[in-house]
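Sequence lines, in order, name chains H and F. The first sequence: position 253 = 253 (our numbering), numbered continuously. The second sequence: position 1 = 315 (our numbering), numbered continuously. These notes concern the structure reproduced below.
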Amino acid sequence: MSAQQKFYWLIAGIVGLLLLASLSGRVLRARLQSESGRATVDNLIARVRAWWVMVGVFCVAFLLGNIATIVMFALISFFTLREFITLTPTRPADHRSLSIAFVVLIPAQYYLIATDWYGLFSIFIPVYGFLLLPTLAVISQDTEQFLERCSKIQWAVMLTIYCISHVPALLLLDIPGYEGQNALLLFYMLLVVQMSDVLQYVFGKLFGKTKLAPVVSPSKTVEGLVGGAASATLLGAAMWWITPFTPLQAAAMALATVTMGFVGGLVLSAVKRSLGAKDWGSMIQGHGGMMDRMDSVSFAAPVFFHLTRYFFTP
Amino acid sequence: MIVVFWSRLMILLVRALIGAAPRWLGSEPAAGLRIYFANHSSHLDTLALWSALPPELRLRTRPVAAADYWNHGRLRRFIAQRVLNAVLIDRQGGDRHSNPLQPLFDALDHGDSLIFFPEGTRRLQALPDTFKPGLYHLASRFPAAELIPVYLENLHRSLPKGSYFPLPLICTVRFGAALPRQSEENKNDFLRRARDAVVALA
Chain H
1 MSAQQKFYWL
11 IAGIVGLLLL
21 ASLSGRVLRA
31 RLQSESGRAT
41 VDNLIARVRA
51 WWVMVGVFCV
61 AFLLGNIATI
71 VMFALISFFT
81 LREFITLTPT
91 RPADHRSLSI
101 AFVVLIPAQY
111 YLIATDWYGL
121 FSIFIPVYGF
131 LLLPTLAVIS
141 QDTEQFLERC
151 SKIQWAVMLT
161 IYCISHVPAL
171 LLLDIPGYEG
181 QNALLLFYML
191 LVVQMSDVLQ
201 YVFGKLFGKT
211 KLAPVVSPSK
221 TVEGLVGGAA
231 SATLLGAAMW
241 WITPFTPLQA
251 AAMALATVTM
261 GFVGGLVLSA
271 VKRSLGAKDW
281 GSMIQGHGGM
291 MDRMDSVSFA
301 APVFFHLTRY
311 FFTP
Chain F
315 MIVVFWSRLM
325 ILLVRALIGA
335 APRWLGSEPA
345 AGLRIYFANH
355 SSHLDTLALW
365 SALPPELRLR
375 TRPVAAADYW
385 NHGRLRRFIA
395 QRVLNAVLID
405 RQGGDRHSNP
415 LQPLFDALDH
425 GDSLIFFPEG
435 TRRLQALPDT
445 FKPGLYHLAS
455 RFPAAELIPV
465 YLENLHRSLP
475 KGSYFPLPLI
485 CTVRFGAALP
495 RQSEENKNDF
505 LRRARDAVVA
515 LA
């Protein structure tokens with residue numbers, strides 16, 4: 001099967017899943033009577049509707065080619081950084097470093113991916129960005145909470161630009177015997193992370209009893225985590241045919257991805273709470289902000305990227 | 315007077331950059347003579363508040379802007395006169411004989427609502443400073459006008475005084491309930507109450 005054919009099969013599968021989800025939403029809506037049940041189902045329907053849009057946007061970018069995919073992730077970094085900084089208290093003295101983060105760091109990081117410059121891509125933000133941002137901040141000579149302010153901006157930049165850019169960076173890898181199919185690997189990684197989130201939600205709603213981290217994330221349960229993580233790992237193994245991995249390797253990669261995705265969701269939930277917010281924004285109906293959808297990806301993508309690079313490239 | 319194409323484009327740009335989504339808390343977008351008064355912290359304030367209004371109200375709502383800033387250079391003059399249809403006000407007070415608020419009275423007499431920043435100048439903080447008497451004079455001369463307090467959130471972070479690049483942060487425009495009129499209220503009490511109404515929305 002060619003990469004193109006595999007892609008169409010993948011799309012057919014996802015569209016089938018979404019149809020099923022939309023249909024179950026309708027059926028549940030018609031059968032449920034209670035007020036709280038209704039609210040849950042309405043949120044479910046809104047979420048599924050948003051998924052149609054997200055899958056649509058992603059497929060269009062994917063079909064347009066690598067550059068379109070890279071540009072799409074640059075925009076995702078832009079939106080998530082914007083949500084992060086909107087919630088983070090900063091002072092007028094941070095205006096310079098924040099402007100540079102938006103106008104220089106995002107385009108530069110994605111330009112490095114587009115031009116296949118792995119060496120600089122991997123250190124640009126952790127080294128140059130890390131040192132440049134406080135340098136720009138110090139010019140304003142405002143020492144009020146200087147360390148806190150700089151750290152928050154560095155955190156935002158690392159997560160929303162550096163970590164998320166590791167998704168399209170999968171296009172950079174030269175995996176023997178897998179030439180020209182890297183876009184499928186990117187799709188695979190996102191599929192596993194997002195399906196893990198969805199399945200954890202579904203298992204949690206159906207069987208969830210034991211709260212996992214009531215303070216940080218009241219909706220997460222042990223049953224949801226175990227059921228969701230196990231089924232997403234199995235799904236990842238079953239999708240081995242679109243990856244350069246064997247079924248067993250695919251299971252291991254999926255497990256690592258699912259684990260990192262879960263940790264990412266938890267950590268960013270704690271960050272969100274420390275900033276006093278429930279959602280990162282209101283950009284995606286039913287889900288909250290863009291960052292509410294990308295939290296797990298931001299943790300999973302760099303680990304997936306480096307595991308693949310270490311074990312599967314020469 | 316207003317060039318529709320440019321104003322649409324301007325609103326599109328403002329929305330893409332900072333969102334400027336309206337939140338109507340206690341009042342509804344409705345026609346009728348109104349004075350919207352808001353905290354002032356950035357050059358984007360006028361555009362943000364104006365973009366947050368529904369199009370039919372926008373046509374009859376004119377921002378009050380400082381002549382010394384908006385008459386400076388061709389671009390600003392174009393935006394002020396043709397896009398925003400602003401009422402320009404002389405902050406220095408002009409000559410002794412004319413009332414600097416006269417253009418505002420004329421606009422209200424003509425039936426246009428106003429967007430007004432009672433602090434008179436931009437501040438660096440999130441909360442407004444004390445209000446200047448302008449709002450009191452407008453309110454007492456036009457007792458029928460509804461006084462709508464507005465809080466502009468995050469704009470002081472997007473484009474603070476002294477910076478030139480607007481950060482693309484998500485900014486919201488909160489409209490509060492109309493300020494109740496009280497008879498026999500002196501100027502300072504009125505101005506304090508008006509400021510409190512804006513602060514309450516923060």
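The C-beta atom is built at its ideal place from N, Cα and C for all residues, glycine as well. All of these numbers come straight from a predicted model, not from anything done at the bench.
Ends of the beta strand (DSSP E) at residue i?
i, result
"P218 of chain H", "217 to 221"
"P336 of chain F", "333 to 338"
What are the boundary residues of the alpha helix (DSSP H) that includes residue i?
i, result
"T259 of chain H", "247 to 274"
"C59 of chain H", "35 to 64"
"T308 of chain H", "290 to 312"
"L20 of chain H", "3 to 31"
"V284 of chain F", "Residue 284 of chain F lies beyond the range of chain F shown here (315 to 516); nothing can be said about it."
"L184 of chain H", "182 to 207"
"G119 of chain H", "118 to 123"
"R384 of chain F", "The displayed chain sequence assigns Trp, not Arg, to residue 384 of chain F. Where W384 of chain F is concerned, the enclosing alpha helix (DSSP H) stretches over 381 to 384."
"F130 of chain H", "130 to 138"
"D420 of chain F", "416 to 423"
"Y478 of chain F", "Here Y478 of chain F belongs to no alpha helix (DSSP H), and DSSP marks it neither H nor E."
"L112 of chain H", "106 to 114"
"F392 of chain F", "388 to 392"
Report the three-state DSSP secondary structure of residue i (helix, strand or coil).
i, result
"A213 of chain H", "strand"
"I462 of chain F", "strand"
"L358 of chain F", "coil"
"P176 of chain H", "coil"
"R96 of chain H", "helix"
"T375 of chain F", "strand"
"E370 of chain F", "helix"
"E144 of chain H", "coil"
"V401 of chain F", "strand"
"E467 of chain F", "strand"
"A277 of chain H", "coil"
"H451 of chain F", "helix"
"K152 of chain H", "helix"
"T233 of chain H", "helix"
"V157 of chain H", "helix"
"M239 of chain H", "coil"
"V317 of chain F", "coil"
"R82 of chain H", "helix"
"F73 of chain H", "helix"
"P89 of chain H", "coil"
"P343 of chain F", "coil"
"P442 of chain F", "coil"
Give me the DSSP bridge partner(s) of residue i.
i, result
"Y350 of chain F", "F:I429, F:I462"
"C485 of chain F", "F:G333"
"I284 of chain H", "H:G288"
Check each residue of the stretch 453 to 477 of chain F: if its Cβ is closer than 7 Å to any Cβ of chain H, include it; give the result in chain order.
-> N468, R471, P474, S477
Cβ-based contacts, 7 Å cut-off: residues of the stretch 476 to 493 of chain F near chain H = S477, F479, L481, P482, L483, I484
Inter-stretch contact (C-beta, 8 Å, three-pair minimum) for the stretch 272 to 289 of chain H and the stretch 256 to 264 of chain H | no
Evaluate the contact criterion for the stretch 338 to 351 of chain F versus the stretch 418 to 438 of chain F: three or more CB pairs, one atom per stretch, below 8 Å.
-> yes
Going along the chain, which residues of the stretch 427 to 456 of chain F sit with their C-beta nearer than 7 Å to a C-beta in chain H?
-> L438
Taking 8 Å as the threshold, find out whether the stretch 356 to 374 of chain F comes into contact with the stretch 290 to 303 of chain H through three or more Cβ pairs.
-> no
Listed in chain order, which residues of the stretch 75 to 92 of chain H have Cβ atoms closer than 8 Å to some Cβ of chain B?
-> The chain inventory of the structure shown lacks chain B, comprising the protein chains H and F.
Would you say the stretch 63 to 76 of chain H touches the stretch 120 to 130 of chain H, given that touching needs at least three Cβ pairs under 8 Å?
-> no
Are the stretch 93 to 102 of chain H and the stretch 141 to 157 of chain H touching by the rule of at least three beta carbon pairs closer than 8 Å?
-> yes
For the stretch 258 to 282 of chain H, which residues have a beta carbon sitting closer than 8 Å to at least one beta carbon of chain F?
-> G281
Would you be able to state if there are at least three C-beta pairs under 8 Å between the stretch 326 to 333 of chain F and the stretch 195 to 202 of chain H?
-> no
May I ask you to list, following chain order, the residues of the stretch 92 to 118 of chain H that have a beta carbon less than 7 Å from some beta carbon of chain F?
-> P92, H95, L98, S99, F102
When the Cβ atoms of the stretch 447 to 457 of chain F are set against those of the stretch 300 to 310 of chain H, are three or more pairs found closer than 8 Å?
-> no
Spell out a yes or no on whether the stretch 336 to 343 of chain F and the stretch 225 to 232 of chain H are touching, meaning 3 or more CB-CB pairs, one atom from each, closer than 8 Å.
-> no
Can you find at least 3 beta carbon pairs, one from the stretch 469 to 484 of chain F and one from the stretch 352 to 360 of chain F, that sit closer than 8 Å?
-> yes
Does the pairing of the stretch 168 to 187 of chain H with the stretch 240 to 260 of chain H give three or more beta-carbon distances under 8 Å?
-> yes
May I ask you to verify whether the stretch 294 to 304 of chain H touches the stretch 53 to 69 of chain H, counting CB pairs closer than 8 Å and requiring at least 3?
-> no
Looking at C-beta atoms only, is the number of pairs between the stretch 508 to 515 of chain F and the stretch 486 to 493 of chain F that lie closer than 8 Å three or more?
-> yes
Inter-stretch contact at 8 Å, needing at least 3 Cβ pairs: the stretch 110 to 130 of chain H / the stretch 36 to 48 of chain H | no
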